[in-house]
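*Asks:* In this note's numbering, the protein residues as written are 45 to 217.
The beta-carbon is built from N, C-alpha and C at its ideal position, and this holds for glycine as well.
The structure displayed is predicted, hence computed values, not measured ones.
Could you have a look at this structure, given as structure tokens, before my questions?
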Ligand code: CU
Ligand code: ZN
């Protein structure tokens, strides 16, 4: 897990209350997604812990237009050429599949990301039920991010019926 100090030049400031701000830390992890299943889909995703939620940011390119299933899968192993080595959706709560903001969902259910006509998806949302951690029960470091061939219907258990796995990246801290 990377902890980087968010720079605050307290020494140069006379303002009261500066102490404390300089202790702020950013806890984040990243995944470099590479094509699978014969696709050209690739990109970068960053996970940043913000209190009890995680902000997910980044950009994925090379897909067809529209919403595409986007999940954290259990195993951080992208070695298979169809990414089947990542196992199922990350599901520490032994729940059923759902949407990212549904009360019943896998922790790894991040819903869909939307690709534009140029095949680019700009990713920026927050989600609960996961942590930027190696050791927490819901920790995502060491697991994998998957982009799917088609959209997640946010209900079909256990996969969301999102089709093949077209990009895969291991989450590293
Ligand atoms: Cu998936
Ligand atoms: Zn799921």
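(1) Here's a check: name, in chain order, each residue in its chain whose Cβ is nearer than 8 Å to the Cβ of residue 128, leaving out the five neighbours to either side.
(2) Residue 97: which of 177, 109, 121 sits nearest, CA to CA?
(3) Is it true that the region 113–129 meets the region 145–156, where meeting means three or more beta-carbon pairs spaced less than 8 Å apart?
(4) Which two residues bound the contiguous beta strand (DSSP E) that contains residue 72?
(5) To which residues of the same chain is residue 213 closer than 6 Å at the C-beta, ignoring the five residues directly before and after it?
(6) Note the first and the last residue of the continuous beta strand (DSSP E) segment covering residue 198.
(7) Going by CA-CA distance only, name the one from 186, 124, 207, 149 that's closest to residue 172.
(8) DSSP puts residue 175 in a beta bridge; with which residues?
(9) May I have all residues whose beta carbon comes closer than 5 Å to any heavy atom of the ligand ZN, sorted in chain order?
(10) What are the boundary residues of the beta strand (DSSP E) that residue 118 is part of?
(11) Let's test the definition: count the other Cβ atoms within 10 Å of the Cβ of residue 70 and tell me whether it reaches 16, buried, or not, exposed.
(12) Could you tell me the distance, in whole angstroms, from the CA atom of residue 200 to the CA atom of residue 92?
(13) Which one of 133, 163, 108, 137 has the shortest CA to CA distance from residue 245?
*Replies:* In short:
(1) Locating residue 128 in the chain shown gives position 84, where the first residue counts as 1. Here the set comprises 209.
(2) Numbered from 1 along the chain shown, position 53 holds the residue referred to as residue 97. Cα-wise, what sits closest to residue 97 is 177.
(3) yes
(4) What you label residue 72 is simply residue 28 of the chain shown in a count that begins at 1. In the DSSP assignment, residue 72 falls within the beta strand (DSSP E) that extends over 69–79.
(5) Numbered from its first residue, the chain shown carries residue 213 at position 169. Hits under 6 Å: 75, 76, 77, 189.
(6) On the chain shown, residue 198 is found 154 positions in, with the first residue counted as 1. Premise fails: residue 198 is in no beta strand (DSSP E) and is neither H nor E.
(7) Your numbering for residue 172 matches position 128 in the chain shown. Nearest option by C-alpha distance: 149.
(8) The count along the chain shown starts at 1 and reaches residue 175 at position 131. Per DSSP, 183.
(9) 133, 141, 150, 153
(10) Counting from one through the chain shown, the residue named residue 118 turns up at place 74. Taken as a continuous stretch (DSSP letters only), residue 118 belongs to no beta strand (DSSP E), as it is neither H nor E.
(11) Locating residue 70 in the chain shown gives position 26, counting from the first residue. Residue 70 comes out exposed.
(12) Along the chain shown, read from residue 1 onward, the residue named residue 200 stands at position 156. Along the chain shown, read from residue 1 onward, the residue named residue 92 stands at position 48. In a straight line, the C-alpha of residue 200 is about 28 Å away from that of residue 92.
(13) Not covered by the structure: residue 245. The range shown for the chain is 45 to 217.
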